[in-house]
Amino acid sequence: MKILLARPQINPDSHGEMLKLPPLTLLQIAALTPPEYEVSIIDESFEKIGFNEDYDLVALSFRTLNAPRAYEIADEFRKQGVTVVCGGWHPSALPEEAKQHADAVVIGEAEGAWPQLLTDFKKGKLKPFYKAKLVDPSLIPEPRRNIFRYTHVIETVQISRGCPYKCEFCSISNMINGNIYRARPIENVIREIKNIKNKFLVFVDPSLTINIKHTKNLFKNMRNLNKKFACFGNTNLADDEKFLKLASEAGCLGWSIGFESISQKSIEDIGKKTNKVRDYKRIIRKVHDHNMAVLGSFVFGFDSDTINTFDATLDTIYDLELDTVGINILTPFPGTPLYTRLEKEGRILTRDWSKYGMRDVVFKPKNMTPEELLDGVKKIAGEFYSHKSLFKVALNSIKLGFYPSLAVGLWRYGQRMDYKKRWNWI
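Numbering (this note's numbering), first residue to last: 17 to 442.
Structure, rendered in structure tokens:
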């Protein structure tokens, strides 16, 4: 029997094939699939899905942004009599919607439902919904990377599942079991990393600073593996000097940190308990002291934001000496408390999911018009990613060393290309 595991993309990444990241979830699902099935993987970041292959089962994993494309693919396969399964963040949040385009919907983490789903499929007794059980982190399989045929230089690794913080706008912690933190055994992670041929990795966990002790153990065991990597973390990473030292020794090139806002009120309103705005500069300086870069992520459109927020944030970004920044528009993803609140307040402007990529305004801001929010975000991105500004920031990053500077350059390139494509400028 032939199975297609696919990641639809309505707006394929424009970063260049070498910088695209492989679909970790699909590779993990492939690893759980018995050898009696012939498994193929298509990621539309690399190539479009065709409809000429004779598949028995098609499984689609997707976020809200890609739901329209996923439904288009699902409908076409079902017209041909192919069984379709939908899973991922968006189907987990809106399973009834997804079911209109699928024979079955997986709610939650795929590993908690996939084996039973395959058994039912083989018997011809597929259920409409599969609510995934809580996944034991020790049972998360090593991804089946050998069937991913696309050229890429960066591999993705995951050492944990879940995030306990439950920020108002976050899809991860508000997914079923998503707020339950679970760490994979370090020996499993190290064995997986040793099997990876690529030198460059990205840890895709929401944060490697949720369990500092566990991550320290990881870094200690990575010191002799000759890998270079980037990862996500919260602002508490700078509270432990030894942690930063171990990260650098393990090969960490930089941290992506969700600063989110320069307003402490906004931070408190969204429930991000780890952030203290007054500490931002100290945190960045400490990370730099250990020759690691910082990508600072900011979100605009919080209820406390005004049209003055944009200039103030841009000034702060330069003052903080960030190596690069992610600039995002607040987006109420289905399944989050933010979506529920804005829907109740009548502030959702559109349910065109193709606009839910943090580059469009899909709700009514409180203290400005939607147009003012979009223009303000474009202004910040345009100024920070101008050639003049990038040259200035690049000079500051050179002191971190060759590999961190290279990572910063790739980060900037990816962000700039994303903004250029989405807003057709820069």
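The beta carbon of each residue, even a glycine, is placed where N, CA and C say it ideally should be.
Residues of its chain near residue i, where Cβ-Cβ distance is below 6 angstroms and the 5 sequence neighbours each way are ignored
i    : result
P476 : Missing from the structure shown is residue 476; the chain here goes from 17 to 442 and no further.
N204 : none
L110 : P350
K182 : S189 and N195
V100 : V74, A90, F93, R94, A118 and D119
Rounded separation between residue i and residue j - CA only
i    : j    : result
L253 : E184 : 22 angstroms
N82  : L76  : 10 angstroms
G103 : S187 : 14 angstroms
D339 : E276 : 16 angstroms
I212 : R301 : 32 angstroms
M238 : D221 : 17 angstroms
V151 : I45  : 13 angstroms
P159 : N68  : 27 angstroms
N240 : E265 : 9 angstroms
K115 : W105 : 14 angstroms
K229 : S154 : 17 angstroms
V293 : S56  : 46 angstroms
N214 : G312 : 26 angstroms
T366 : I209 : 42 angstroms
D327 : G267 : 35 angstroms
I442 : K394 : For I442, the predicted structure reports a pLDDT of 47, less than 50, and the residue's modelled location is therefore unreliable. A value from the coordinates is still provided. The alpha-carbon atoms of I442 and K394 are separated by roughly 10 angstroms.
G249 : K95  : 44 angstroms
G392 : F318 : 13 angstroms
F78  : F259 : 34 angstroms
Y355 : D70  : 39 angstroms
D368 : A86  : 13 angstroms
S402 : E387 : 22 angstroms
P353 : S421 : 38 angstroms
L316 : E361 : The residue you asked about is not Leu; residue 316 is Phe in the sequence shown. Between F316 and E361, the C-alpha separation is close to 19 angstroms.
V98  : I19  : 10 angstroms
A397 : G425 : 16 angstroms
P180 : A199 : 12 angstroms
S30  : V74  : Low confidence applies here, because S30 scores a pLDDT of 44, under 50, leaving its location unreliable and the question unanswered by this model.
K289 : G66  : 45 angstroms
F219 : F93  : 33 angstroms
P131 : N162 : 21 angstroms
A126 : I170 : 23 angstroms
heavy atom of the ligand NAP below 6 angstroms from residue i C-beta
i    : result
T172 : Because no ligand of any kind appears in the structure shown, any question about the ligand NAP cannot be addressed here.
Exposure label - residue i; buried when at least 16 CB within 10 Å
i    : result
R428 : buried
P443 : Only positions 17 to 442 of the chain appear in this structure, which leaves residue 443 out of reach.
S61  : buried
D305 : exposed
Y334 : exposed
D59  : buried
G174 : The question names Gly, yet the displayed sequence has Gln at residue 174. When all chains shown are included, Q174 counts as buried.
K232 : buried
P144 : exposed
G140 : exposed
K243 : buried
Q25  : buried
D331 : exposed
R207 : exposed
R298 : exposed
Beta-carbon gap between residue i and residue j smaller than 7 angstroms
i    : j    : result
N193 : G287 : no
Q309 : L217 : Before going on, a small fix: residue 309 reads as Ala here, not Gln. No, the Cβ-Cβ distance between A309 and L217 is not below 7 angstroms.
A263 : F245 : no
Y197 : G178 : yes
L21  : L37  : no
H117 : D136 : no
A148 : A129 : yes
A251 : N307 : A small correction: the amino acid at residue 251 is Thr; Ala does not occupy that position in the sequence shown. No, Cβ-Cβ distance for T251 and N307 is not below 7 angstroms.
I278 : T329 : yes
T347 : M374 : yes
F418 : V341 : no
F314 : I345 : no
L389 : V377 : yes
P84  : S370 : yes
Y146 : L134 : no
Cβ shell of residue i (< 8 angstroms), same chain only, five flanking positions each side left out
i    : result
E33  : Low local confidence applies: a pLDDT of 46 at E33 is under 50, so the model's placement there is unreliable, and no value is given.
K261 : H306
D72  : M17, K18, I19, V98 and T99
P157 : Q44, A47, L48 and E127
D295 : T251 and A254
Contacts around residue i, its chain only, beta-carbon distance under 7 angstroms, and the 5 residues preceding and following it disregarded
i    : result
K380 : R363, L365 and P386
D256 : I228
F164 : P38, L43 and I57
message = For the structure I just gave you, are there three or more beta carbon pairs, one from the region 223 to 238 and one from the region 263 to 274, closer than 8 angstroms?
response = yes
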